[in-house]
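Heads up, the thing below is written out as structure tokens.
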Amino acid sequence: MRLPPIAPSDLTDAQRPLFDQMAAGVSAKFQDFTTTRDDGAMLGPWNAWLHDPELGAAFWGSTQALTKAKRIPDAARQVAIIATGAHFGAAYEIYAHSAVARAKHAMTDRRIAALAAGERPDDLDDDEATAHDVAKGLLRGGPLPAPLYDRAIARFGQAGTNELIYLVGHYCFVSMTLNGFDVPVPQD
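Each residue of the sequence shown is one higher than the one before, starting from 1 at the first, in the UniProt record's numbering.
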């Protein structure tokens, strides 16, 4: 880990408001995996964002907006997020969203292992398969192939397709943050 976690008692005046916002949002949404140390220091991408609170606040705002969108089913979202994390080998992202997928959507270890290995599980429903295939299409680079875009439009409508594209882009950014700062999976 290249940026040490910041205990709440060590926060600067510039960091405190962002920490409070992120701590409230993270604790409300993510109970299925470790997001803080015992002393309250945040882990994952949130710690990195605290080290640069001006930019971190913008990244957190984007995260909040995508969390509220909910235009596509959450299980499909988790498939796209795990596929994106796997593409980049972002261990914390795979760890965190695998835990969410297990707890909230009863995804099997077999399915999660396939996604984490960069493979397409054979038991995806139509929404999950579309989210997976769009994510993989975007991650290959270049324009999203028209048949995938059209499939997403048919499945999720324009607003849902927009959300899916933004979601994959956002988790590319999160993956880069995690990898750039060498954020490990917690020892739990």
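For every residue, glycine included, the Cβ atom is placed at its ideal position computed from N, Cα and C. Since we're looking at a predicted model, the values are computed, not measured.
With a CB to CB cut of under 7 Å and the five nearest residues on each side skipped, what residues in its chain are close to residue i?
i, result
"R111", "P121 and D123"
"Y166", "L66"
"T36", "M42 and L43"
"G40", "A7 and P8"
"L148", "D133, V134 and G137"
"S62", "H170"
Quick one: what's got a C-beta closer than 8 Å to residue i's C-beta in the same chain, skipping five residues either side?
i, result
"D127", "I72, P73, A75, A76, R155 and F156"
"F19", "I6, P8, L11, M42 and L50"
Using a Cβ-Cβ cutoff of less than 6 Å, which residues in the same chain neighbour residue i once the five nearest sequence positions on both sides are dropped?
i, result
"A48", "L3, T177 and F181"
"G85", "E93, I94 and S175"
"G118", "A86"
"L144", "G137 and L138"
"V26", "T35"
"A96", "F33"
Please report the straight-line C-alpha distance between residue i and residue j, rounded to a whole angstrom.
i, j, result
"H51", "Q15", "8 Å"
"A24", "P8", "13 Å"
"L138", "D150", "14 Å"
"A80", "I6", "30 Å"
"A135", "S98", "16 Å"
"A69", "E163", "7 Å"
"M22", "W46", "7 Å"
"R140", "N179", "19 Å"
"N30", "A101", "What sits at residue 30 in the sequence shown is Phe, not Asn. Each residue's alpha carbon lies about 11 Å from the other."
"D133", "D13", "44 Å"
"M158", "A152", "Here residue 158 is Gln; the residue named in the question, Met, does not match the sequence. Cα to Cα, Q158 sits roughly 8 Å from A152."
"T161", "E54", "30 Å"
"A57", "D32", "24 Å"
"W60", "V168", "16 Å"
"G142", "H170", "17 Å"
"M1", "G89", "15 Å"
"K183", "D109", "Note on residue identity: the sequence assigns Val, not Lys, to residue 183. Spanning the two alpha carbons is a distance of roughly 23 Å."
"A129", "A116", "15 Å"
"D125", "A131", "10 Å"
"A83", "D38", "30 Å"
"Q64", "A28", "12 Å"
"A103", "A114", "17 Å"
- Please specify which runs of the alpha helix (DSSP H), each continuous and at least 4 residues long, are wholly inside the stretch 28-91, giving them in chain order. DSSP runs (the alpha helix (DSSP H)) wholly in the stretch 28-91: 44-50, 53-69 and 74-88.
- 4-residue-minimum alpha helix (DSSP H) runs that sit fully inside the stretch 88-135, ordered along the chain: Considered as a whole, the stretch 88-135 harbours 91-105 and 109-116 as its complete alpha helix (DSSP H) runs of no fewer than 4 residues, in chain order.
- Entirely enclosed beta strand (DSSP E) segments - the stretch 128-179, minimum 3 residues: Within the stretch 128-179, no complete beta strand (DSSP E) run reaches 3 residues.
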